[in-house]
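Numbering (this note's numbering), first residue to last: 248 to 561.
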Ligand code: PMP
């Protein structure tokens, strides 16, 4: 990765130098976690000299939905956000993989825990980004002692800033104990997801993932992989509750998300999963995913938005 650093942000309605994109310590979202965010990746294709943003419209739709869950009105349409992001990326001129972070937040500067009668704002920045999990080919995970935030406490299907205190507890306790990531259970003991990624396991050739009602974030990579497994690999996908001990006897497991991409889980605490190295379905799916996101599979080109080109942005 190059030494390139972020130079711009979209802030208060325009693209400005990153140094001037600053909020007050009195900002509501900083005090109460009243913001929502998105996370997208741009993939650099060297041969085509092109930067592809993965499923940008789906991300913008979820971003606006996340915002509405906590009464934040995003004053831009999904299409307008797509244009702002591509303009921002062109200004940065990234020629490597990058990450894009849109944030909608309660911007009022006052004291008072609530969601109503407050001003909302949107900011967006991007940065060069490599791996989020170093051991993507064989992560060692644990079961977190924490429980996943319940939908009836903080809407789990939204990317709500305050809810990420839960994810941060899960991640740090795992990392400081020497694990790459953690699987987090719901209060009922079934698997929900990872600290910031969705979970899949393979048993007898079938891919199994917790359903949308299990306090998961409705991941865009999750949705994409379900389609690739079914349509390109002929693998049956079942969405159902998963017991902790099913993982102990699973053939393969992996986590997925914008940050972790597709990362094999090869060990949980002191137990190996399957053979203890990346399994064949995970390996194939992972390669296919990277081909798709890098613009090497024509069939899935409509999942990608090219940043640098003369033709109109898709
Ligand atoms: N779950 C959580 C809690 C996350 O933060 C993420 C990352 N956005 C995911 C799952 C994966 O979602 P996506 O595939 O949309 O990035």
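Idealized CB from N, CA, C, for every residue including glycine.
- Message: Just to confirm the assignment, what range does the beta strand (DSSP E) spanning residue 351 have?
- Response: 345-353
- For residue 278, does the three-state DSSP call read helix, strand or coil? helix
- So, is residue 502 buried or exposed, given that buried needs 16 or more other C-beta atoms within 10 angstroms? buried
- Message: Restricting to Cα atoms, I'd like to know which of 288, 278, 488, 447 is closest to residue 359.
- Response: 278
- Item | Inter-residue spacing [alpha-carbon to alpha-carbon] between residue 559 and residue 488 | Annotation note: pLDDT 46 at residue 559 (below 50); position unreliable, coordinate value reported separately. About 43 Å.
- Task: Measure from the alpha carbon of residue 460 to the alpha carbon of each residue in 404, 482, 413, then state which is nearest.
- Result: 404
- Task: Return yes when at least one heavy atom of the ligand PMP lies under 7 Å from the C-beta of residue 313, else no.
- Result: no
- residue 306 - containing alpha helix (DSSP H), residue span: 303-316
- For residue 423, which of helix, strand or coil comes out of DSSP? helix
- Pair every Cβ in the stretch 405-414 with every Cβ in the stretch 283-299, then say whether three or more of these pairs are closer than 8 Å. yes
- Task: Take the Cβ of residue 273 as the centre, count every other Cβ of all protein chains shown within 10 Å, and call the residue buried at 16 or more, exposed below.
- Result: exposed
- Query: Helix, strand or coil: how does DSSP classify residue 283 here?
  - Reply: strand
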